[in-house]
Amino acid sequence: MRNIIINFAASQYEKNGKYGIIKNAGLKITPQRKVVYEVMMELRHAAIDEIIKSVQSKDNEITISTIYRILDSFCKANLLSLVFHPEVGISYYDITVTEHHHIFEGESILDYMDEGLTELIRQYLKEKNFASVDISQIQVQITINNPKLNSKK
Numbered sequence: 001m002r003n004i005i006i007n008f009a010a011s012q013y014e015k016n017g018k019y020g021i022i023k024n025a026g027l028k029i030t031p032q033r034k035v036v037y038e039v040m041m042e043l044r045h046a047a048i049d050e051i052i053k054s055v056q057s058k059d060n061e062i063t064i065s066t067i068y069r070i071l072d073s074f075c076k077a078n079l080l081s082l083v084f085h086p087e088v089g090i091s092y093y094d095i096t097v098t099e100h101h102h103i104f105e106g107e108s109i110l111d112y113m114d115e116g117l118t119e120l121i122r123q124y125l126k127e128k129n130f131a132s133v134d135i136s137q138i139q140v141q142i143t144i145n146n147p148k149l150n151s152k153k
C-alpha cells in the first residue's frame with residue numbers, strides 16, 4: 001500500500017525552485033516564510049504544536065504569532081490546507097493542496113491519490129443530482145483499524 005503514496009508538493013517544490021512557490025502564490029519571500037515552508041516540506045502533515053516546535057528549533061526568534069500568521073497566509077494562498085484527523089480530533093496542516101485523499105492509521109496521515117476513486121465519486125454524485133453543484137474538490141478519508149495500535153491504549 002505504501003507505493004500508492006504520492007508526494008505532490010515535492011514536484012512543485014522542484015519545479016518552482018526552493019522558494020519560488022511562495023513567490024508564485026503572491027507572497028513575499030521572507031526568512032520566516034522560508035523556515036515555515038521548509039518545516040512543512042519536511043513534516044508533510046503536522047499539528048500546530050509540532051510546527052511551532054520545528055520552526056523554533058531552526059530559528060528561535062520566530063514568534064508563535066508569526067508562525068500562526070504565516071500558516072494562515074499559506075492557507076489563503078493555497079500553499080497549505082487543513083485536514084481533520086478523526087481518530088485524534090486534531091486539525092493538521094497539509095503541504096499537499098492538490099485533490100487527493102487521506103489514509104489515517106493511528107496518529108499517522110498518508111496522502112493517497114486515486115483518480116479512479118475520485119472520478120467514481122464525481123460520477124456517483126452526478127447520478128444523485130449533484131450535477132448542478134460545482135464540486136471544487138473531493139477528499140476521501142480512510143481510517144485503518146490497526147489492532148496493534150488499539151491494544152496499546
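Just so we're aligned, residue 1 is where the sequence shown starts under full-length UniProt numbering, counting upward by one. Beta carbons: idealized from backbone N, C-alpha and C, even for Gly.
**Q.** 3-residue-minimum beta strand (DSSP E) runs that sit fully inside the stretch 59-119, ordered along the chain
**A.** List check, beta strand (DSSP E) in window: 81-85, 90-94, 101-105 and 108-112.
(Q) Can you tell me whether residue 68 is buried or exposed? The criterion is at least 16 other CB atoms within 10 Å of its CB, across all chains shown. (A) Under a 10 Å Cβ-count criterion, residue 68 is classified as exposed, with fewer than 16 other Cβ atoms of the shown protein chains found around its own Cβ.
Q. Among residues of its own chain, excluding the 5 on either side of residue 19, which ones have a beta-carbon nearer than 6 Å to its beta-carbon?
A. Result list for residue 19: 29 and 34, in chain order.
**Q.** Residue environment, residue 94, which counts as buried when at least 16 other CB atoms sit within 10 Å
**A.** By the neighbour-count rule (16 or more Cβ atoms within 10 Å), residue 94 is buried.
**Q.** Below-9 Å beta-carbon distance, residue 61 vs any chain B residue
**A.** Considering every chain present, this structure includes no chain B. It has just one protein chain.
Q. In three-state DSSP terms, what is residue 32?
A. In this structure, residue 32 counts as helix in the three-state DSSP scheme.
Q) Is it the case that the Cβ atoms of residue 92 and residue 79 are separated by a distance below 9 Å? A) No; because the gap between Cβ atoms is not below 9 Å, this pair is not in contact.
(Q) In whole angstroms, give me the CA-to-CA distance for residue 21 and residue 74. (A) If you take the alpha carbons of residue 21 and residue 74, they lie about 10 Å apart.
**Q.** Coil, strand or helix - residue 138 by DSSP
**A.** Here residue 138 sits in coil by DSSP.
Q. How about residue 43 and residue 54: do their beta carbons lie closer than 9 Å?
A. Closer than 9 Å, so yes.
Q) In angstroms, rounded to a whole number, what distance separates the CA positions of residue 141 and residue 106? A) Going by the C-alpha atoms only, they are around 13 Å apart.
Q: Figure out for me which residue from 41, 45 and 25 has the closest Cα to the Cα of residue 111.
A: Relative to the Cα of residue 111, the nearest Cα in the group 41, 45 and 25 belongs to 45.
Q. Should residue 88 go down as buried or exposed, given a rule of 16 or more other Cβ atoms within 10 Å for buried?
A. For residue 88, the number of other beta carbons within 10 angstroms of its own is below 16, and it is reported as exposed.
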